[in-house]
Structures are given as structure tokens and as C-alpha cells.
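A.B. asks: Each residue of the sequence shown is one higher than the last, beginning at 611 in the working numbering.
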Amino acid sequence: MTDSAVLHIKGRVLAGPDDVREDLWVVGGRVTFTRPAESREITTVEGWALPGLVDAHCHVGLDAHGAVDEATSEKQALTDREAGTLLIRDAGSPADTRWIDDREDLPRIIRAGRHIARTRRYIRNYAHEIEPEDLVAYVAQEARRGDGWVKLVGDWIDRETGDLSSCWPPGAVAAAIAEAHRLGARVTAHCFAEESLAPLVEAGIDCIEHATGLTEETIPLFAERGVAIVPTLVNIATFPQLAAGGEKKYPRWADHMRRLHERRYDTVRAAYDAGVPVYVGTDAGGALAHGLVAQEVGELVKAGIPALDAVSAAAWGAREWLGRPGLTEGASADLVVYEADPRADVRVLGTPRRVILRGRVVS
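(1) Go to T877, then tell me how far its beta strand (DSSP E) extends in each direction, as first and last residue.
(2) State the CB to CB distance for the pair Y882 and A838, rounded to an integer number of angstroms; the pair is presumed to be in contact (CB under 8 Å).
(3) Given a cut-off of 7 Å, decide if H725 and V763 are closer than it, judged by their beta-carbon atoms.
(4) Go ahead and pull the three-state DSSP assignment for G626.
(5) For E741 and Y732, I'd like the C-alpha separation in whole angstroms.
(6) Is the CB-CB distance between A634 and V623 below 7 Å?
(7) Please give me, in chain order, every unbroken run of the beta strand (DSSP E) with length at least 3 that falls completely inside the region 938-962.
(8) Take K761 and list the residues in its own chain whose beta-carbon comes closer than 6 Å to its own, dropping the five residues that flank it on each side.
(9) Check for me: the beta strand (DSSP E) holding E819 runs from which residue to which?
(10) What residue does the beta strand (DSSP E) around W709 start on, and which one ends it?
(11) What residue range does the beta strand (DSSP E) around S806 cover?
(12) Quick one: Cα of R678 to Cα of L697, how far?
(13) What three-state label does DSSP hand M611 in the structure shown?
(14) Would a C-beta distance cut-off of 7 Å place D665 and V903 closer than the cut-off?
(15) Candidates E827, G781 and P830: which alpha carbon is nearest L810's?
(16) Span of the alpha helix (DSSP H) holding H791?
What follows is the structure, encoded as C-alpha cells:
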């Protein structure tokens, strides 16, 4: 397509969960629902269109050993793009990926800066590893470096107890979250265990990643405060393997991880039923492959979330939560076209017909 060409999306355009249009045009890289009066060239794409999918927990620039080079980061981002993920909330990375912002063919990224963890309480080479007295300063630093988010490691294995435990005293984390909010950033935290959740929510946190430790006592607190969760169920599926690898040294931890895994679907469904906002994230990067957004939507459905709401958690709802437009008049034309209605069968999300980014067909 040339810059003067018009792209016509014909069929069913899902501008919202129940807002179905018959046509959408892309003019100058922007969405319009008004047919252009004149054009030199019109290219038509037929199918079911969704706003570009969102992976709200993804790590571009990171692998199992730490930061990766630009070529590897590019491959990760392209893999996500081919899966229809056009907006990524990068939930912590030691790599500088700002150069991606200058690439018209790569997904848009909302960064949370680098993870902030307690000393020797997280994966090596991933995080700033600090003590509580430095937490406010590091949160302020990452709030300024990020795109409106900061990522804490809320709990991790404690080698002395041999099990998961909280990383931060309540006073320190409350002061840090207040500082992030003062600087206009939201705060999220990696949490597997039960005990870390209530203090973080009471301290004002905005989101919890994984949230496998939710219980009938803490779910109402999340719902009352409007604290979102990003369950990353495709990652939680690896818990049994992790437990087997660490069982000899940390049997308590291994048993705990298995129990969290066994109740994972019940946990997510109970949170959804209580009104806790749930969004799609894969935890790609680290040890997990990129491009798994469709599988994560399928996992939410398997947990008992209705298909329409599971799709929204990766599309309209996720974009609204992150403050990014979907298929609205004048918005950047970032969309994915499918053969059939993904609301009827979420497996459709795994096979995009066309991926359109910034108004150009890229796949």
C-alpha cells in the first residue's frame, strides 16, 4: 500500500464487545468509519476485525539469563506481532528497548522499567536487588524511566524458611507506592504466595501479577479496591516442573507450588466472579516463548471466564485499562482480522488472517 491508498476492512468490525460495524476504512494510517470520498487505490480485507491484541505481562529484551541483544529482542517482538499482539505491557526488563519505538513494524510497548527485588530474592540478572530502605528511591527512578508503571517482586523463595515469603515490610512498600503515584505511575507486583497480597493491596497497589495465592479472604479486598490481576496461566502451567526441579532442596516450597497450581483455575474464576478485573498476560520472555496470547485467552476460558470477557481481557477491556485506544474514530489502525468470530470460539485468535499495524498490513 502507498501512503495515499485506502484500506477497507469489510465484514464484521468488533469495535467493542457488542459494537459490531460492517465496514472500517484506514486512511493515512488512521481508523475511520466514514467511507472516503475519493481515493487512488482501495485494498479490501474481509473477515472479523479486532483491535490489536494486548499482552499485559510480557518481557521483550529478556531471556532466562537476563538482558538480550537487539536482534533477539526484535525476534521476540516480531513473534508477538505475528500472533496478533500489537500492544505489550513489558512487566520488567533490564534491557533498553526504546529503539523499538522508532520501528513502525513492531508492536507498541508500555514499559514498567526494571524489576525491583529484595537482595538475592529473585532471578539472577533480572532486577535491581535492594533493601527496604532504598525502595522509595528505586521506585521513583523506575517510575521516571518507565511508561507509567513500576514492577516490584512482592514475594519469592526465602532460603532460610525454604518457602515463599513476602519481600517487603508494609511501611516500606506503602511509602514506595505512594511515591510512584505521586509521580503518575501505577505499581504492579509479582506474587505467587498468599501472605504478600493483603499488605500490598492495603498499601495501594494497582495490579498483581500471577496472583495464585488469592483466597476467599483476600479476593473481596481486591474487588473492593479495584486491584486488577494478570494470571499468566500459561506460565503457572510450569509450576509442577519447577517444583520437581527444586523439591530435593526445598520440599516445602515444592509442595506449596503444586498446591497453587492445582487450584489455579478455581482461583481465577473466583476472582472473576467477585468482580476483580482480569487481564491477559503470558509472561513471555524469561523461560517462556513469545506469541502465546491466544493460548492465554483459552486458559481463561478453561478457568470458567465467559469467552466474550476473555477476549475483552486481551482486546477492548485491556486497552481501556492501559489507556490506549482500540478501533475508534481517528485512532491508529492497529488491528487483527480473523476468518471467524473469536467471541464464538476463542481458538480463532490463534490463526490471524491479517495483522495491520499503524495502518499497514504487516502479516
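Just so it is clear, CB atoms sit at the ideal spot from N, CA and C, and this is done for glycine as well. In this text the structure is predicted, and so the values were computed from the model without any measurement.
C.D. replies: Quick look at the numbers:
(1) Per DSSP, T877 belongs to no beta strand (DSSP E); it is in the alpha helix (DSSP H), R874 to D883.
(2) Not a contact, Cβ separation roughly 11 Å.
(3) yes
(4) strand
(5) 13 Å
(6) Note that residue 634 is Leu in the sequence shown here, rather than Ala. Going by C-beta atoms, L634 is nearer than 7 Å to V623.
(7) 945-948
(8) A701, G702, A722, H725 and T798
(9) C817 to H820
(10) Unbroken run through W709: none, as it is neither H nor E.
(11) Per DSSP, S806 belongs to no beta strand (DSSP E) and is neither H nor E.
(12) Note that residue 678 is Val in the sequence shown, not Arg. Taking the straight line joining both Cα atoms gives about 20 Å.
(13) Note that M611 scores a pLDDT of 48, beneath 50, so its modelled location is shaky and nothing firm can be said.
(14) yes
(15) G781
(16) P780 to R792
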